[in-house]
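J.: Just dropping this structure here.
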Amino acid sequence: MTCRDALTHAADNEERYVDDLKTLLRIPSVSADPAGVSECVEFLSAHLMGMGMTVSVFKTERNPIIVGELKGTSPRTVLFYGHYDVQPPDPIEAWEHPPFAACECDGRIYARGAVDDKGNFFCIVKAIQSYVETAGSLPCSVKFVLEGEEEMGSESIADFVPQNLQLLRCDDMVWFDGGIHADGRPEVCLGMKGMAYVELSVESAVRDLHSGKAPLVDNAAWRLVWALRSLYGPDQRIAIPGFYDDVVGPSPSDARLIAGSRLTAQDILKDWTIQRLRDGYEGLPGDELLKRLYFEPTCTICGITTGYQGPGSKTVIPHTARAKVDFRLVPKQDPGDIIAKLRSHLCRQGFGDVEVSVDSAMPASKSDPDADVVRKMLDVMRSSYGQPVVKPIVEGSGPGCVFEQLGVPYVFARLGPAEDRSHSPNEYTTREAYRKGIATVIRLIAEYSH
């Protein structure tokens, strides 16, 4: 059995593998759609069993979790993670092709989930299949855990992992999600920021009142605005006492990884398709920008709802106001502690009437930059794409903290095209990205043969 044989087989069977991906993409497995989720679980279970994997489907209060296993010729075991649920396709009218038709045009395959995450994790499936169809076995043992709630907070997997540590026992953990960097280099990520996502709400009366009564009546909108203003200072620092107490900066290894990325402010502007950075950041070198991006916590107003928003005018005093606020947290910060400090701060500032509801909370997670699985991933990424961009921690949040309970290092990377439009209309992958992704995973599995 050789890596070369599996690579050749994958190339020779590209059309079949693309057809299988399209079949998966045509299943509308939106997190909140039980019918689409059920169809997707049935398809994936059958597909994995057809490759010789032992498959178990675990029911949860929401969407099922799929666990698969295939023994290999070496004692090493790699656990691969993915999620089969997708974001809603809205707004439908903005799609150039139906979001669940998997239309192919000029080498692009358009579908919701084409990159996030079906197109990524299916590269793993097809890499395993290439080994099985050429040699009948794998160089190492593999396990799969696929969840159906990543797009809505991964609640079930958070309960499932600590209850099934033996089932998921492995030497290393790997997953793929998202697209490569805008300059064509792959991204390898070693950690994820934590998050505390809350809703702040104010109710000042039982109904909206005539705005002429404003001299004598509280305005819920103003109360909320003032409360929000107390969270963030003109120095662009979060004003909650003790918020930064547990923040630690990058380690020497982290700093080396950041320097090796060789990204500039212009690279960031291009990658994010924005015109400028925030005030005071324009002249900073790329290394400093990345240190702040990865290792600074944030407080972001994600949305505000209050008062009249229809056409024309309506002179009212809003009686309710709500704001969605997300705190992105760095390693060592405890989301529960941050939420407690938020509540205490609001009370001290005279905003005890502002209710704080927690939508989701998860700590940051981080893998060892010197772990063997990181070296393996970097080696195969160089073989497939060239020198990667290595992120010691990414600005987003995810289930990394859940899998830290397995006690093994993890790494995740991105196999989709650079401008993949995840979470947006016209999400797509390409044949080239799919082909390279499968080859990358084939090479990664081969690394465990010795």
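Residue numbers (this note's numbering): 67 to 516.
In this text, a Cβ means the ideal position worked out from N, Cα and C, and glycines have one as well.
Return yes when the Cβ of LYS279 is within less than 9 Å of the Cβ of ILE158, no when it is not.
T.: Cβ atoms of ILE158 and LYS279: not closer than 9 Å.
J.: First and last residue of the alpha helix (DSSP H) that includes TYR494?
T.: First-last for TYR494: 494-496, but that is the beta strand (DSSP E), not the alpha helix (DSSP H).
J.: Please state the DSSP three-state secondary structure of ARG388.
T.: Strand at ARG388.
J.: Going by the beta-carbon positions, is the gap between VAL396 and LYS259 smaller than 9 Å?
T.: The answer is yes: Cβ separation under 9 Å.
J.: Is GLU81 helix, strand or coil by DSSP?
T.: Residue state, collapsed to three classes: helix.
J.: CB-CB under 7 Å to TYR374, same chain, minus the five flanking residues each way: which ones, in chain order?
T.: LYS380, VAL382.
J.: Quick check on the burial criterion: 16 or more other C-beta atoms within 10 angstroms. Buried or exposed for GLU216?
T.: With 16 or more Cβ atoms within 10 Å of its Cβ, GLU216 is classed as buried.
J.: So LEU204 packs on ILE511, CB below 8 Å; how close in whole Å?
T.: About 6 Å separates the two Cβ atoms, so the contact holds.
J.: Report the option in LEU356, ALA505, ARG497 whose CA atom is closest to the CA atom of ILE459.
T.: Selected option, being the one with the closest Cα: LEU356.
J.: Taking the alpha carbon of ASN285 as the point to measure from, which residue in LEU297, SER296, GLU421, ALA271 has its own alpha carbon closest?
T.: Closest option to ASN285, Cα to Cα, is ALA271.
J.: Name the residue from VAL477, GLY503, LYS432, ARG501 whose alpha carbon lies nearest to the alpha carbon of ASP237.
T.: Measuring from the Cα of ASP237, the nearest candidate turns out to be VAL477.
J.: For ARG394, which three-state DSSP category applies?
T.: Looking at ARG394 - three-state DSSP - the assignment turns out to be strand.
J.: Below 8 Å, how does it come out for the region 446-455 and the region 346-360: are there three or more Cβ pairs, yes or no?
T.: Judged by Cβ distances under 8 Å, the region 446-455 makes no contact with the region 346-360, as fewer than three pairs qualify.
J.: Whole alpha helix (DSSP H) runs in the region 416-494 with 4 or more residues, listed along the chain?
T.: Counting whole runs of 4 or more residues, the region 416-494 contains the alpha helix (DSSP H) stretches 438-450, 466-469.
J.: Could you tell me which residues DSSP puts in a beta bridge with VAL264?
T.: In DSSP, VAL264 forms a bridge with VAL391, VAL424.
J.: Any idea if CYS413 is buried or exposed, counting beta-carbon neighbours within 10 angstroms, 16 or more meaning buried?
T.: Classification of CYS413: exposed, given that the 10 Å Cβ count is below 16.
J.: Taking the alpha-carbon positions, what's the GLU188 to GLN415 distance?
T.: Strictly speaking, residue 188 in this sequence is Phe, with Glu absent from that position. So the two alpha carbons sit approximately 51 Å from each other.
J.: Can you check the region 178-215 for any beta strand (DSSP E) of at least 3 residues that lies completely inside it and give the ranges in chain order?
T.: Here the runs fully enclosed are 207-213.
J.: How long is the line joining the alpha carbons of LEU538 and TYR298, rounded to whole angstroms?
T.: Since the first residue shown for the chain is 67 and the last is 516, residue 538 is missing from the structure and cannot be characterised.
J.: Please classify ASP486 as buried or exposed, where buried requires at least 16 other C-beta atoms within 10 Å of its C-beta.
T.: By the 10 Å Cβ count, ASP486 comes out buried.
J.: According to DSSP, LEU297 sits in a beta bridge with which residue or residues?
T.: In DSSP, LEU297 forms no bridge with anything.
J.: So, PRO154 versus ARG178, is the Cβ gap smaller than 9 Å?
T.: Yes, they are a contact pair.
J.: Does DSSP put CYS236 in a helix, a strand or coil?
T.: Here CYS236 sits in coil by DSSP.
J.: Tell me the DSSP secondary structure of GLY278 in three-state form.
T.: Three-state DSSP puts GLY278 in a helix.
J.: To which residues of the same chain is THR330 closer than 6 Å at the C-beta, ignoring the five residues directly before and after it?
T.: Excluding sequence neighbours, THR330 sits near GLY352.
J.: Does the region 332-341 come within contact of the region 365-372, defined as at least 3 CB pairs closer than 8 Å?
T.: Flag = no, the region 332-341 and the region 365-372 do not touch.
J.: Using alpha carbons as the reference points, say which of PHE309, ASP156, VAL313 lies closest to LYS398.
T.: Nearest option by C-alpha distance: VAL313.
J.: Are VAL121 and VAL133 close, meaning C-beta to C-beta below 9 Å?
T.: The answer is yes: Cβ separation under 9 Å.
J.: Could you check what DSSP says for GLY349 in three-state terms: helix, strand or coil?
T.: In the structure shown, GLY349 sits in coil (DSSP, three-state: anything other than H, G, I, E or B).
J.: How do the region 102-113 and the region 77-93 stand: do at least 3 beta-carbon pairs fall below 8 Å, yes or no?
T.: The region 102-113, when compared against the region 77-93, does touch it at the 8 Å Cβ threshold.
J.: Assuming ILE131 contacts GLU253 under a Cβ cut-off of 8 Å, what Cβ separation, rounded to an integer in Å, is found between them?
T.: About 27 Å; that fails the 8 Å criterion.
J.: Leaving out five residues on either side along the sequence, give the residues of the same chain with a beta carbon under 8 Å from the beta carbon of HIS276.
T.: Counting only Cβ-Cβ distances below 8 Å, and skipping sequence neighbours, we find THR381, VAL382, ILE383.
J.: How about the region 454-472 and the region 424-431: do they share at least three Cβ pairs that are nearer than 8 Å?
T.: In short, these stretches touch, since the Cβ pair count reaches three.
J.: Give the straight-line distance between the Cα atoms of CYS69 and SER296, rounded to the nearest whole angstrom.
T.: About 58 Å.
J.: Does ILE175 pass the burial test, meaning 16 or more other C-beta atoms within 10 Å, or should it be called exposed?
T.: Looking at its Cβ environment, which holds 16 or more other Cβ atoms inside 10 Å, ILE175 is buried.
J.: From ASN79 to ASP225, what distance separates their C-alpha atoms?
T.: Roughly 38 Å separates the two Cα atoms.
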